[in-house]
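**Q**
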Amino acid sequence: MSEHITHVEEHRDDEASKLGMWLFIFTELLLFGGLILVYSVFRMQYPANFHEASLELSVTIGAINTVVLLISSMTIAMAITAIQKKNKKLTLRLISITVFMALVFLFNKYFEWGHKFEHGLYPGSDLMQLLERGHHLYFSLYFFMTGLHALHIIVGMVLLIICYVKVNKGSIAHDKFVFLENGALYWHLVDLIWIFLFPLLYLIS
Amino acid sequence: MDNHGSHITEYKVLVRVLFVLLLCTFLTISVTGFNLGAFTVTIALLIAGFKSYMVLSYFMHLKYESLLLRILVSMVFVLFIIIVLITFIDYSFR
Amino acid sequence: MSTEYISFLEHQGKYKGIRSWIFATDHKRIAFLYMYAIASFFLIGAILGLLMRIELISPGETIMKPQTYNGLFTVHGIIMIFMVVIPGLSAVFGNFFLPILIGAKDVAFPKLNLFSWWLFMLGSILAVASQLLKSGPPDTGWTFYAPYSTTTGTNVITATTAAFILGFSSILTGLNFIVTVHRMRAPGMKFFNMPLFPWAIYATAWIQLLATPVVGITLIMLIAERLFGIGFFNPDLGGDPVLFQHLFWIYSHPAVYIMILPAMGVITEIIPTFCQKKVYGYKAIAMSSLAIAGVGFLVWGHHMYTSGMSEQARWFFSLLTFLVAVPSAIKVFNWISTMYKGSIDMKPPFLFALFFIFLFMIGGLTGLILGSVATDIQVHDTSFIVAHFHYIIFGGMGFAFFAAIHYWLPKMYGKMYNFTRANIAAVALFIGFNLLYFPQFLIGIQGMPRRYFDYPPRFQWAQITSTIGGFILVSAVILMITNLIIGVRRGAKAPANPWNGTTLEWQIPSPPSLENFDEEPLVKENPYDYK
Amino acid sequence: MFANNSNFVQGVDTAFYLIFGVAIFFLVMLTTIMIVFVIKYNKKRHAHAVQIKDSSTLEIVWTTIPIILVLVMFYFGWEGFLPMRRAPKDAMQVKVIAKMWKWTFEYPGMKQSDTLMLPINRAVKMNLFSKDVIHGFSIPSFRVKEDVVPGKNNYTWFEPKIIGNYDLFCSAYCGLSHSYMLALVKIVSQEEFDKWLAGLPVKKAEDNNEGFKILEKNGCFSCHSTDGRKIVGPTFKGLYGSKHDVMTDGVTRNITADSIYIETSIMDPNKDVVVGYPSGVMKSYKGLIRDKDMPKVIDYFKTLK
Ligand code: HEA
Ligand code: HEA
Ligand code: CUA
Ligand SMILES: [Cu+2]
Chain A
46 MSEHITHVEE HRDDEASKLG MWLFIFTELL LFGGLILVYS VFRMQYPANF
96 HEASLELSVT IGAINTVVLL ISSMTIAMAI TAIQKKNKKL TLRLISITVF
146 MALVFLFNKY FEWGHKFEHG LYPGSDLMQL LERGHHLYFS LYFFMTGLHA
196 LHIIVGMVLL IICYVKVNKG SIAHDKFVFL ENGALYWHLV DLIWIFLFPL
246 LYLIS
Chain B
1063 MDNHGSHITE YKVLVRVLFV LLLCTFLTIS VTGFNLGAFT VTIALLIAGF
1113 KSYMVLSYFM HLKYESLLLR ILVSMVFVLF IIIVLITFID YSFR
Chain C
135 MSTEYISFLE HQGKYKGIRS WIFATDHKRI AFLYMYAIAS FFLIGAILGL
185 LMRIELISPG ETIMKPQTYN GLFTVHGIIM IFMVVIPGLS AVFGNFFLPI
235 LIGAKDVAFP KLNLFSWWLF MLGSILAVAS QLLKSGPPDT GWTFYAPYST
285 TTGTNVITAT TAAFILGFSS ILTGLNFIVT VHRMRAPGMK FFNMPLFPWA
335 IYATAWIQLL ATPVVGITLI MLIAERLFGI GFFNPDLGGD PVLFQHLFWI
385 YSHPAVYIMI LPAMGVITEI IPTFCQKKVY GYKAIAMSSL AIAGVGFLVW
435 GHHMYTSGMS EQARWFFSLL TFLVAVPSAI KVFNWISTMY KGSIDMKPPF
485 LFALFFIFLF MIGGLTGLIL GSVATDIQVH DTSFIVAHFH YIIFGGMGFA
535 FFAAIHYWLP KMYGKMYNFT RANIAAVALF IGFNLLYFPQ FLIGIQGMPR
585 RYFDYPPRFQ WAQITSTIGG FILVSAVILM ITNLIIGVRR GAKAPANPWN
635 GTTLEWQIPS PPSLENFDEE PLVKENPYDY K
Chain D
4 MFANNSNFVQ GVDTAFYLIF GVAIFFLVML TTIMIVFVIK YNKKRHAHAV
54 QIKDSSTLEI VWTTIPIILV LVMFYFGWEG FLPMRRAPKD AMQVKVIAKM
104 WKWTFEYPGM KQSDTLMLPI NRAVKMNLFS KDVIHGFSIP SFRVKEDVVP
154 GKNNYTWFEP KIIGNYDLFC SAYCGLSHSY MLALVKIVSQ EEFDKWLAGL
204 PVKKAEDNNE GFKILEKNGC FSCHSTDGRK IVGPTFKGLY GSKHDVMTDG
254 VTRNITADSI YIETSIMDPN KDVVVGYPSG VMKSYKGLIR DKDMPKVIDY
304 FKTLK
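Respectively, the protein sequence lines represent chains A, B, C and D. To get this note's numbering, take the position in the first sequence, counting from 1, and add 45. To get this note's numbering, take the position in the second sequence, counting from 1, and add 1062. To get this note's numbering, take the position in the third sequence, counting from 1, and add 134. To get this note's numbering, take the position in the fourth sequence, counting from 1, and add 3.
#1: Kindly list, in the order they appear in chain B, the residues whose Cβ is closer than 8 Å to that of ILE527 of chain C.
#2: Could you say if the segment 644-662 of chain C and the segment 350-364 of chain C meet the contact criterion of at least three C-beta pairs nearer than 8 Å?
#3: Can you tell me which of C:HIS145, C:VAL218, C:ALA165 puts its alpha carbon nearest to the alpha carbon of ALA389 of chain C?
#4: Is the closest heavy atom of ligand 1 to the C-beta of HIS522 of chain C under 8 Å?
#5: Does GLY79 of chain A pass the burial test, meaning 16 or more other C-beta atoms within 10 Å, or should it be called exposed?
#6: Tell me CYS173 of chain D's beta-bridge partners as DSSP assigns them.
#7: Closer than 8 Å by beta-carbon distance: list the chain B residues that pair up with VAL104 of chain A, in chain order.
#8: Return the residues of the segment 380-396 of chain C that lie within a Cβ-Cβ distance of less than 7 Å from chain B, sorted by chain order.
#9: Pop quiz: VAL348 of chain C and LEU381 of chain C are said to be a contact at Cβ under 8 Å. What is the actual Cβ separation, rounded to whole angstroms?
#10: What I want to know is whether the C-beta of GLY139 of chain D ends up closer than 8 Å to one or more non-hydrogen atoms of ligand 3.
#11: Hey, quick one: how far does the alpha helix (DSSP H) through LYS216 of chain D stretch, first residue to last?
#12: Which residue wins for smallest C-alpha separation from SER422 of chain C, given the options D:LYS43, D:GLU62, D:PHE29?
#13: Please confirm if the segment 636-647 of chain C is in contact with the segment 475-491 of chain C, defined as three or more CB-CB distances below 8 Å between the two stretches.
#14: In the structure shown, what three-state DSSP assignment does ILE1145 of chain B receive?
#15: If you pair each beta-carbon of the segment 174-189 of chain D with each one of the segment 22-41 of chain D, do three or more pairs fall below 8 Å?
#16: Pairing CB atoms from the segment 451-461 of chain C with CB atoms from the segment 93-103 of chain D, are three or more of them under 8 Å?
#17: Under the criterion of a Cβ to heavy atom distance below 8 Å, does PHE87 of chain A qualify as lining ligand 1?
#18: CB of CYS226 of chain D to nearest heavy atom of ligand 3: below 8 Å?
#19: Residues of chain B with a CB under 7 Å from the CB of MET89 of chain A: which are they?
#20: Between which two residues does the beta strand (DSSP E) holding ARG256 of chain D run?
#21: Quick check on the contact list: which residues have their beta carbon closer than 7 Å to a heavy atom of ligand 5?
#22: Quick one: does VAL209 of chain C have its CB under 9 Å from some CB of chain D?
#23: Could you give the DSSP three-state label for GLU149 of chain D: helix, strand or coil?
#24: Where does HIS247 of chain D fall in DSSP's three states?
#25: Rounding to the nearest angstrom, what Cα-Cα distance links LEU184 of chain C and ASN157 of chain D in this structure?
#26: Rounded C-beta distance between TYR551 of chain C and GLY625 of chain C? I'm assuming under 8 Å.
#27: Thinking C-beta only, is TRP239 of chain A closer than 9 Å to GLY201 of chain A?
#28: For the segment 306-321 of chain C, enumerate the residues whose C-beta is nearer than 9 Å to any C-beta of chain B, in chain order.
#29: Could you check whether the Cβ of ALA280 of chain C sits closer than 8 Å to any heavy atom belonging to ligand 3?
#30: Within 9 Å (strictly less), CB to CB, does TYR1126 of chain B reach chain A?
#31: Less than 6 Å between C-beta atoms, sequence neighbours within five positions excluded: which residues of the same chain meet that for PHE431 of chain C?
#32: Starting from LYS130 of chain A, find everything on chain B with Cβ-Cβ shorter than 8 Å and list it in chain order.
#33: Using the Cα positions of LEU502 of chain C and GLN574 of chain C, report the straight-line distance between them to the nearest angstrom.
#34: Compare the beta carbon distance of PHE1101 of chain B and SER85 of chain A with 9 Å and say whether it is the shorter of the two.
#35: Does any CB atom of chain B fall closer than 9 Å to the CB of LEU248 of chain C?
#36: The beta strand (DSSP E) with VAL218 of chain C in it runs from where to where?
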């Protein structure tokens, strides 16, 4: 009788998995959407403060991270092309580059945050309480948004590492690569969000 | 709809898209360098919108997906924009 | 692959005993898991509600202290909203019947389905724990309004984390159902050949998917506010408490349609069956579900008319609130027209459906009072609101749940229950219900505020009536449940199609086999094809 | 149904009557139809259902009529509301100060009262301020209600029309004693009002003690008195240096209220819970009262003999 159960579970529908992933991406977009809504309300109320506070951030680091993410997005998209073309070795290499890029991103973020922490600027710190209202909100938003984003980077990285293992094992191959596709979709989502966070947080004039 | 006939995006297309995206990033940074008043945000967001369009269509293969999915994705963005606009009916007239 | 028929209840899988349930990926077993869990939470929530009623029987302290009362209505609200009515119909009957009604073997992602249930349990346990942990039950109201929720010393973090996890579970259920509807329909079944319950579940799933993340992030912000003082909602730090209300209702208004749409779907299944008649206005009903889901996203501000929103916003929200009532009206008209020239069989499910329509009309029509700004100013935050939503949630979704269980129990368990007792319970429920909540409308207009531990003596007559109604209601619920349990234990065997229905679930044996359909189901042009 | 207690009653009640009218009409009509159908087309009398075709005309009719009706209802609801946002320029200004769980009304000339005394037939604008959380300013008889949101200057106004006493409720949930946050509204003649206002003492000058200001800002005095009264928490009077029983992790012990104990009581109030008081009611003020302010607070406690 147990073949019944396995039958139900083995039902494979790549389009369904992909649709599922897209729906999940929708929820992620709206999750960040809520934050961006909060951001826009406060930015409207404290435009000058937001501008001043944003000067504290280094546009260079932000720009480097943007470039890093864009490149990683391309490499993971290429990984799919590679797997479709049955080029396993290239696929593996492209995934590793992507993961490496993610690490670079996190590394940068670590320094950026660390720098702020050194100056006593972190959520809940005494310095934060002393700031002007708009500055306080700006930095709260900054930590909250980039923190949540970094969390997504980490999740995406884990997903990609799983992809790597699966490709290596051969359970992702040219005729069954929907898992990789979904991992890549997730990774693009992370990129997509950063595309908005970067101008919103770093480039305020 | 089935996967075997699915579209393969060529490497060079992806490279070109990346190039456009990098260009846009550079553009945003330089635009915000000038002070164009309220327009700066608008322009920065427009560029960001274009960038996300590129990522969605090419990197995320949306261009080659079913019409349904494309409609759904745009629906989500439209919904979000509407929600923001409605919230601002409150905040802009306070 | 026609094997001999074994019902999913008897089917032997990988595991034995309790593990064959809690690790089951079969949508029907998961539906049962949800049902038992939700029923228990409903019991807990109802007892809390009853305790409140006893407290309110006389002014001043009757059986508890104010702090206890404040904790009670908060936890009552959280349990009832997040753990009972939001998952309620879609996780129980949606899980069980959505795949069957569209001719599928299971939902699209069976393991994810099980995972959602586990998340649901985790969230629920946290929610119950928040009641018991050291600092005392949360006392913010189920709306968690800042800044009170950011400053009170009670277990708010536990409760909001619970709500967050429950929300995540709800998202995954919605995701699963959307994919199921898109990808798993039986060959030949187009969107407009689906029965209307799947339509309702489909519309609901979209709300679950798109609205819930917003409350998720809001609750995280609230937690961060308490832990780090990020200041988004704290006016001392430049934040804005009204912004919290916006974010909260951006989710929670659509959420009320998560509760009612599946209920409407159930009623739309029951009425044609017991009238032996094609449903009137199939397309109108299907489309009005989508319309309610869509427009429902744009009206959240009607909960905030007194919060000091801009005039323009109040204007806009009031207008849209009125418009969103129209699709509901269309549904009511269609249901009643379906009865016209039918051949009506007054079985318990149909009786419940009739009560549903009546109570839903009262709840919905009083919603119009709330939608209009002038009158809402008068009744906002009074027991009028309490009456409105109990009518529409308990009278609507609750009665639809009862209707659904009486309708589908023969299919789910393969057993019949006693009709006379079920009818008596239904009538007693109806009487108790109206006694309990109708007086709240009257004192609400006169200004009796809600969330009041104590009240001026001039409102006491209504409170006493309510409490009496509450006790009638409890007795009726107990009678109803006992009857159902007796039916399941000792009832007669149910035939495959006890009500002579036409939708797909009635074409397979009761209870269904593991894979629902042993041969490809026969899909009809119109699912309600009575001769 | 209602007496004309304020200038808004008519507009609001018109909307009430209209919407209730429509609602009752539909409720009665649809319920009757339903019952008639159930009886007339019962299986016993009507053994075979007649399948009828959908009619688009009917669908359009019963979509259009409700749309028109809801627009009419919307219009009346809006017309009843709009005047509430149009406070006359010459209205008397009263500042309403809400804090957990007490209303204070400040009249021109820094005069404060716990009762909202107002002259008849004169427009008053209520400027709503909250010191802590959201409260709700609600006088049902006058059809006015507006939330008192901290950090946001909400207002409402009205013109009382009938002399008498009315209830003022706090309508927005605000914690423990939400249901006790009531005030009396007294509408009197202009002469009586003038006399009363003249006799109202001017608000006493703010206590200049630094510690007092900190506690005032944090709203401690809504639960703690300085005159020996027991409100929600124990009084501050004579607290410093006193000995009393507290529960620590379920164990009763006798302590002396020194500066360390007081600091713990403020930063971690549920650690030592005074016997006879509920735990979990007072929240921690960690991060709200800064460490460097603590000595000032303690100094202030020392003054409360
Ligand atoms: C299942 C849940 C549910 C549903 C379906 C609804 C449906 C509606 N609700 Fe309700 N509502 C709640 C649950 C629900 N509500 C809850 C829980 C709260 C309180 C939250 C809190 O503060 O704790 C609330 C509060 C609430 C408020 C805020 C009140 C306040 O706090 O001041 C408002 C204001 O507009 C409102 C309006 C409406 C309207 C217009 C509808 C409409 O969708 C109703 C449509 C139905 C009909 C109109 C009836 C059927 C039609 C006919 C019989 C035909 C005739 C009709 C016409 C001519 C139009 N609701
Ligand atoms: C689905 C939603 C739901 C349901 C069903 C109920 C059910 C009940 N509710 Fe309420 N209620 C809410 C949702 C709900 N409630 C919400 C959201 C609030 C607002 C909270 C807030 O302000 O934050 C509220 C607030 C609220 C208040 C207002 C508190 C205040 O503002 O001061 C009151 C007061 O009487 C009340 C009473 C009751 C009672 C007596 C019942 C029930 O007791 C009805 C009777 C039913 C029974 C007694 C069933 C008994 C069941 C069994 C014996 C076995 C069950 C087992 C199985 C099903 C298997 N509820
Ligand atoms: Cu103040 Cu309720
Ligand atoms: Cu609503």
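Built from N, CA and C at the ideal position, the CB exists for glycine as well. Source: prediction; values computed, not measured.
**A** On the basis of the coordinates in this document:
#1: Correct list: empty, because the minimum Cβ distance to chain B is about 24 Å.
#2: For the pair of segments examined, the segment 644-662 of chain C was found not to touch the segment 350-364 of chain C: the number of CB pairs separated by less than 8 Å stays below three.
#3: Considering only alpha carbons, the answer is C:VAL218.
#4: At least one heavy atom of ligand 1 is nearer than 8 Å to the Cβ of HIS522 of chain C, so yes.
#5: GLY79 of chain A is buried by the Cβ-count criterion.
#6: DSSP, once it has assigned bridges, lists D:PHE140 as partnering CYS173 of chain D.
#7: What VAL104 of chain A touches in chain B: ILE1091.
#8: So the list reads HIS380, ILE384, given in the order they occur along the chain.
#9: Beta-carbon to beta-carbon, VAL348 of chain C and LEU381 of chain C are separated by about 6 Å, close enough to satisfy the 8 Å threshold.
#10: GLY139 of chain D Cβ: within cutoff of ligand 3.
#11: Where LYS216 of chain D is concerned, the enclosing alpha helix (DSSP H) stretches over 213-220.
#12: Among D:LYS43, D:GLU62, D:PHE29, the Cα nearest to that of SER422 of chain C is on D:GLU62.
#13: The segment 636-647 of chain C is not in contact with the segment 475-491 of chain C.
#14: Helix at ILE1145 of chain B.
#15: When C-beta atoms of the segment 174-189 of chain D are compared with those of the segment 22-41 of chain D, fewer than three pairs fall below 8 Å, so the two segments do not count as touching.
#16: Taking 8 Å as the limit for Cβ pairs, the verdict is that the segment 93-103 of chain D does not touch the segment 451-461 of chain C.
#17: At a cut-off of 8 Å, the beta-carbon of PHE87 of chain A does not count as near ligand 1: no heavy atom of the ligand is closer than that.
#18: If you check the C-beta of CYS226 of chain D against ligand 3, you find no heavy atom less than 8 Å away.
#19: Simply TYR1153.
#20: Counting along the chain, the unbroken beta strand (DSSP E) around ARG256 of chain D starts and ends at 254-259.
#21: With respect to ligand 5, the structure offers nothing, as its ligand set consists of ligand 1, ligand 2, ligand 3 and ligand 4.
#22: Closer than 9 Å to the CB of VAL209 of chain C there is not a single CB belonging to chain D.
#23: In the structure shown, GLU149 of chain D sits in a strand (DSSP, three-state: E or B).
#24: Note: HIS247 of chain D maps to strand in three-state DSSP.
#25: Per the coordinates, the alpha-carbon of LEU184 of chain C lies some 37 Å from the alpha-carbon of ASN157 of chain D.
#26: Their Cβ separation, rounded to whole angstroms, is 5 Å, which keeps TYR551 of chain C and GLY625 of chain C in contact under 8 Å.
#27: Contact flag unset, no.
#28: If you check each beta-carbon in the segment 306-321 of chain C against every beta-carbon of chain B, the ones closer than 9 Å belong to HIS316.
#29: Answer for ALA280 of chain C: no, Cβ out of range of ligand 3.
#30: Judged by the 9 Å Cβ criterion, TYR1126 of chain B is not in contact with chain A.
#31: So the list reads PRO388, once near-sequence residues are dropped.
#32: Those within 8 Å of LYS130 of chain A in chain B are ILE1070.
#33: Rounded to whole angstroms, LEU502 of chain C to GLN574 of chain C spans 17 Å at the Cα level.
#34: No. Outside cutoff.
#35: Chain B contact via Cβ: absent.
#36: Note, VAL218 of chain C: premise wrong, no beta strand (DSSP E); not H, not E.
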